[in-house]
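Numbering (full-length UniProt numbering), first residue to last: 1 to 548.
These notes concern the structure reproduced below.
Right, dumping it as structure tokens:
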């Protein structure tokens, strides 16, 4: 049982989850948190909404940005569907002065504008500018963008067909990658990804120092045969890829534009590095089978012992949110799964406010809000500590699992390293076994549904019950074809092994009473004879009354 994960699964819309939806709101296409103004900015088809960060069910303002009939007609003439010829707000970024950069597809003619939030209302400035390369033409094509200061970096297609994929820096010193079609039209098959039963997703973490070290290393050079070999010739100074420091500034190199033509030509001809950046500890933080990850955000949480822990929130292609942690010397583990939407949908957006402890996501026509510090789902002290959730601890005063954020020292119990439950108070309340009557030879089901997703095992009178011809152990119970030897107390319990210590918790107990089939048949026959005799007697009485 070592290495098994304790997971709380909330497979329905949880009370802790808030939703925003209204008539006319659809095609949600971007999200942005503004902690400074307490707003969640939502981009959708033809509009931008602001919702309260504390409660997204409260809409605070709205700004419309639609497409003219003429632009829609041009879009449709180019062969695009009517529903695609609209303005889908694909990106939202905050500038240094508090203004927001808003970019939309604009009927396959990307455009951007600036937006302000004043006196509780959001409004567009009307200073429309070209958005090509900042967002895709297609409202459904994937891309990425990042704002640092007032400089926008993007990785998006820059043409109508969506075939020119470029990395770009926009602003006063624009820069973009070169489009070399021969790299994308290679006739040699390098790798084929298997999409069979071995489907896995992984989360990896890298050190910036390791990345810098690789870029400080040797380069690769392309051969006429199409292969890549290590470049052993002379390298220009400064080393391509190195950051501009005071020494280079003293030599007149203020930006990459000040580099010599020789250096720039070398970079153009040698775009690949020899070194490989490997993840921290040489392996992924988390690996999951049968799940496709779509989005991730990470929070830094301080536990009661003062240590920092990384908590990962991962969206999946089926609309689930997975909460995962990794402790030193252990593999990553998922401690909670939450269904975000009523129907399976791709999680395209995840935004986390560490200030308020709220996570925001969305799908086509709904935005959702989740309190990541909610610990009420852990019912008992055992569950609270075994979960090893950095946000949660057992409140000794309130006798409940609660957030450790802002808690009083000494009032909480938290055991993240070993999950030790010996500090938990011993409960005096014991559940009585449920009496069940089983019949020999007839398969019957004994349910066992733990509140946490741990492997279960069954014991019969303190002896471990092993799977066999008469016993089938399932995740939600036991299928038993009983014999007289199954009479007695059957116990279903969860098992969790942490740091070599086995923790067991009883979920349900049954007092099994087994009855022989032959005795039952004789009893049933006797009952049928008695009922038949009573019925015959009743008929005679009725007939006599009629004759009288």
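Backbone N, C-alpha and C fix where the C-beta goes; we use that ideal spot for every residue, glycine too.
In the pairwise beta carbon analysis, the region 382-397 is classified as not touching the region 29-49: fewer than three pairs are separated by under 8 angstroms.
In this structure, the straight-line span from the alpha carbon of residue 277 to that of residue 162 is close to 30 angstroms. Check the Cα spacing between residue 516 and each of 540, 442, 467: the tightest is with 442. Minimum Cα-Cα distance from residue 281 among the listed residues 321, 326, 322 corresponds to 326. The residue among 371, 531, 446 with its C-alpha nearest the C-alpha of residue 55 is 371. Per DSSP, the unbroken beta strand (DSSP E) holding residue 371 starts and ends at 366-371. Taking a contact to require three or more Cβ pairs closer than 8 angstroms, the region 282-302 and the region 261-273 do not qualify as touching. Counted as a single uninterrupted DSSP element, the beta strand (DSSP E) harbouring residue 146 occupies residues 144-148.
In the structure shown, the three-state DSSP call for residue 289 is strand.
Taking residue 115 as reference, the option from 130, 92, 334 with the minimal CA-CA separation is 92.
Look at residue 452 here: in three-state DSSP terms it is coil, with no helix or strand label.
Here the alpha carbon of residue 144 sits roughly 14 angstroms from the alpha carbon of residue 89. Taking the CA atoms as reference points, residue 471 sits about 14 angstroms from residue 448. Residue environment analysis places residue 32 among the buried positions, since at least 16 neighbouring C-beta atoms fall within 10 angstroms of its C-beta. Here the C-alpha atom of residue 83 lies approximately 11 angstroms from the C-alpha atom of residue 138.
DSSP lists 325 as the beta-bridge partner residues of residue 333. According to the DSSP secondary-structure assignment, residue 155 is paired through a beta bridge with 144, 167.
Residue 530 carries a helical assignment under DSSP once its states are collapsed to helix, strand and coil. About 5 angstroms separates the beta carbons of residue 494 and residue 450, which is inside the 8 angstroms limit, making them a contact pair. Here residue 77 is exposed. Its C-beta has fewer than 16 other C-beta atoms within 10 Å.
In terms of Cα proximity to residue 173, the closest of 210, 157, 152 is 152. Taking the Cα of residue 61 as reference, the smallest distance to any Cα among 105, 171, 119 is reached at 119.
Residue 301 sits buried, since 16 or more C-beta atoms from the chains shown fall within 10 Å of its C-beta.
With a minimum length of 3 residues, the unbroken runs of beta strand (DSSP E) contained wholly in the region 415-480 fall at 434-439, 444-447, 456-460, 471-474, 477-480.
As the crow flies, the alpha-carbon of residue 392 is around 37 angstroms from that of residue 97. For residue 64, the beta-bridge partners assigned by DSSP are 47.
DSSP places residue 386 in the uninterrupted alpha helix (DSSP H) bounded by 381-387. Counting along the chain, residue 77 sits inside the alpha helix (DSSP H) bounded by residues 69-77.
Take residue 95, set aside five residues on each side of it, and the residues of its chain with a beta-carbon closer than 7 angstroms to its own are 101, 150, in chain order. Residue 399 holds the alpha-carbon nearest to the alpha-carbon of residue 426 among 399, 295, 438, 444. Within the same chain, and ignoring the five residues on either side of residue 17 in sequence, the residues whose Cβ sits closer than 8 angstroms to its Cβ are 338, 340, 368, 369, 370. When DSSP states are grouped into helix, strand and coil, residue 101 belongs to the strand group. The distance from the Cβ of residue 290 to that of residue 411 is about 41 angstroms, inconsistent with a contact at the 8 angstroms cut-off. Within the same chain, Cβ atoms closer than 8 angstroms to the Cβ of residue 255 are found at 173, 244, the five residues on either side in sequence being excluded. Counting C-beta atoms within 10 angstroms of its own C-beta, residue 469 has fewer than 16 neighbours from the protein chains shown and is therefore classed as exposed. A contact is defined here as three or more CB-CB pairs under 8 angstroms, and the region 307-319 fails this definition with respect to the region 214-228.
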